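Numbering (the UniProt record's numbering), first residue to last: 1 to 72.
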């Protein structure tokens, strides 16, 4: 059985995703909202600035603040 680079990359991404998500299982609602807001903000900032790193970072920061302040 041989592994090519694509198979290895997919395996590493899957393992990383499982590891990261298992660490989020006991987060409070506020922490979860902050992470979701930061993710959505990063995507929005990236789209609005056509992939500019500073726009992505700014969107993530602003989304994280909004997510943290929303809800309980």
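Ideal Cβ positions, reconstructed from N, Cα and C, are used throughout, including at glycine. Every value quoted in this text rests on a predicted model; they were computed, and no experiment measured them.
Are residue i and residue j closer than 7 Å when you measure CB to CB?
| i | j | result |
| --- | --- | --- |
| residue 58 | residue 37 | no |
| residue 56 | residue 45 | yes |
Which one of the options has the shortest CA to CA distance from residue i?
| i | options | result |
| --- | --- | --- |
| residue 34 | 6, 61, 4 and 5 | 61 |
First and last residue of the alpha helix (DSSP H) that includes residue i?
| i | result |
| --- | --- |
| residue 25 | Premise fails: residue 25 is in no alpha helix (DSSP H) and is neither H nor E. |
| residue 68 | 53-69 |
When the Cα atoms are used, what is the spatial distance from residue i to residue j?
| i | j | result |
| --- | --- | --- |
| residue 105 | residue 23 | Only positions 1 to 72 of the chain appear in the structure, and residue 105 is not among them; the question remains open. |
| residue 8 | residue 69 | 40 Å |
| residue 48 | residue 5 | 33 Å |
| residue 31 | residue 18 | 19 Å |
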